[in-house]
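Take a look at the structure below.
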Amino acid sequence: MTPAELLTVLVGTPSLSGEEGPIADLVADLIASKGFQVHRQDHNLWFTFGKSGGTRLLLNSHLDTVPPCSGWEGDPFQPVWNGTRLQGLGANDAKGCVAAILLAAFELSEQALTGEVVVALTAEEETGGHGIATILDQLGPVHGAVVGEPTGLRVCAAQRGMLLLKCTARGQSGHVANAQMLGVENAIHKAARDITRIAAMDFPAHPLLGSQKAQITQIQGGLWRNQVPDACEFFIDLRTAPDQDHQALAAEFQRKLECEVTIHSTRYLPKGTEASHAIVRAALQAAGKAGPVGSGTTSDWAFLGDIPAVKVGPGDTFRSHTPNEYLTLPELEAGAAFYAQVVPAFFAMQVPHEA
Ligand SMILES: [Zn+2]
């Protein structure tokens with residue numbers, strides 16, 4: 009199968025999050041046909057090759073896609089080639105990365121490697137469900153990871169996390185006409201004071217990710233137009249940097265605000281890997297880049313625990329989750345070449361006795 013044929017068949021196999029069964033079947037058959045032993049749990053696949061007992065490197069990307077948005081020309085599930093450009097749902101995010109990792113794995117498995125490669129192609133990345141987190145403990149120890157997402161082959165060594173806070177302002181209800189006399193507290197007014205405080209909050213800039221403001225993304229309060237509201241609820245979405253602690257941030261919001269603050273979601277942890285780590289240096293060398301960059305979007309890296317990782321892959325993050333998403337054949341081929349080079353580069357950088 010040529011690289012173009014592989015990408016075409018992946019894009020032509022629908023795989024919305026939670027419905028990756030058919031693409032997992034297809035990829036499992038392909039891997040098995042190349043002589044690898046395929047492991048599977050739900051719609052997650054993994055296989056290993058190389059020299060066991062030493063350094064192990066994880067290559068990971070995701071099989072699922074978001075549902076098509078509006079604005080597609082033609083059927084998003086039907087891959088269409090225009091010259092060297094393949095258009096179809098998931099072509100960019102992240103089936104190009106999946107194809108590139110598979111092509112690299114097939115090539116590398118013919119070489120004498122000094123370490124072992126673990127390839128994991130996983131499900132439900134877009135929903136954060138039954139994906140990489142559910143199989144991580146079955147992969148065994150790994151000493152580095154490359155997460156395949158469209159970064160234009162830039163080496164992301166820092167990735168933002170997501171802290172979602174639910175804030176509840178409480179007051180007392182009463183007839184609007186009597187509000188002043190009763191001295192009731194308007195919960196929406198209270199929330200508004202807090203929102204003004206939140207908008208003024210600054211957080212330290214991260215060297216690769218820059219600065220970030222907290223955003224109020226949803227608000228609800230009030231039952232009737234003539235009743236002082238006794239409750240107003242709103243959500244804060246703060247995209248965090250690797251040096252920020254979610255619990256400490258939640259406590260800081262609680263200290264500064266009048267409303268009651270509870271953590272709604274903290275599982276998308278921010279991630280960062282030192283530029284001096286072998287996985288960053290190996291990725292920079294393989295990609296031919298001078299230095300790492302930061303990435304504002306989260307990915308399965310958030311679920312990799314303490315494994316030193318970078319996020320790198322062919323394609324463009326700005327094409328993800330947009331209509332007429334595409335990948336070009338030169339991008340795919342450069343991606344496959346990158347993964348094929350990062351593996352031996354990483355193994356070569358290991359201290360001989362380190363395992
Ligand atoms: Zn993705």
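Convert by adding 8 to the 1-based position in the sequence shown; the result is the number in our numbering. Even for Gly, the Cβ is constructed at its ideal location relative to N, Cα and C.
Put simply, the region 332-346 does not touch the region 169-179. Fewer than three CB pairs are less than 8 Å apart. For residue 280, the secondary structure class from DSSP, reduced to helix, strand or coil, is strand. Straight across, the Cα-Cα distance linking residue 101 with residue 305 is about 12 Å.
With respect to the C-alpha of residue 235, the residue from 206, 209 and 188 having the closest C-alpha is 188. Taking all protein chains shown into account, residue 55 has 16 or more neighbouring C-beta atoms within 10 Å of its C-beta and is therefore buried. In the DSSP annotation of this structure, residue 288 is not part of any beta strand (DSSP E); the continuous alpha helix (DSSP H) holding it starts and ends at 286-295.
Cβ contact annotation for residue 21 (same chain, cutoff 6 Å, sequence separation greater than five): 30, 31 and 34, in chain order.
Judged by DSSP in its simplified three-state form, residue 184 adopts helix. Non-local C-beta neighbours of residue 203 in its own chain, meaning closer than 6 Å and more than five positions away in sequence, comprise 224, ordered along the chain. Assignment of residue 232 by DSSP, reduced to helix, strand and coil, places it in the coil class.
Judged by the Cβ position, residue 193 fails to qualify as a neighbour of ligand 1 at the 7 Å threshold, every heavy atom of the ligand being at least this far. Following the DSSP letters along the chain, one finds residue 130 inside the beta strand (DSSP E) bounded by residues 124-130. Between residue 140 and the set 42, 69 and 125, the nearest pair of CA atoms involves 69. When C-beta atoms of the region 294-304 are compared with those of the region 194-211, fewer than three pairs fall below 8 Å, so the two segments do not count as touching. Around the beta-carbon of residue 184, fewer than 16 other beta-carbon atoms lie within 10 Å, marking it exposed. Secondary structure of residue 224 (DSSP, three-state): strand. With contacts defined by Cβ atoms closer than 8 Å, residue 181 and residue 238 form a contacting pair. Put simply, of 217, 290 and 342 the residue whose alpha carbon is nearest the alpha carbon of residue 280 is 217. Counting the other Cβ atoms within 10 Å of the Cβ of residue 77 gives fewer than 16, which makes it exposed.
Comparing alpha-carbon positions, the option among 341, 250 and 309 lying closest to residue 317 turns out to be 309. A contact is defined here as three or more CB-CB pairs under 8 Å, and the region 342-359 meets this definition with respect to the region 277-294.
Neighbourhood of ligand 1, defined by CB distance below 5 Å to any of its heavy atoms: 101, 102 and 157, in chain order.
Across the set 228, 165 and 137, the C-alpha of 137 shows the shortest separation from the C-alpha of residue 311.
In this structure, the CA atom of residue 98 is about 10 Å from the CA atom of residue 330. When secondary structure is reduced to three states using DSSP, residue 245 falls in the strand class. Excluding sequence positions up to five before and after residue 201, its CB lies within less than 8 Å of the CB of 266, all in the same chain and listed in chain order. One thing to note: residue 52 has its Cβ within 8 Å of the Cβ of residue 143.
Residue 16: member of the alpha helix (DSSP H) spanning 11-19, first to last residue. Under DSSP, the beta-bridge partners assigned to residue 170 are 247 and 276. Between residue 94 and the set 283, 157, 117 and 11, the nearest pair of CA atoms involves 11.
Contact check for residue 121 and residue 278: beta-carbon distance about 32 Å, past the 8 Å limit, so the pair fails to qualify.
Collapsing the DSSP output to three states places residue 103 in a helix.
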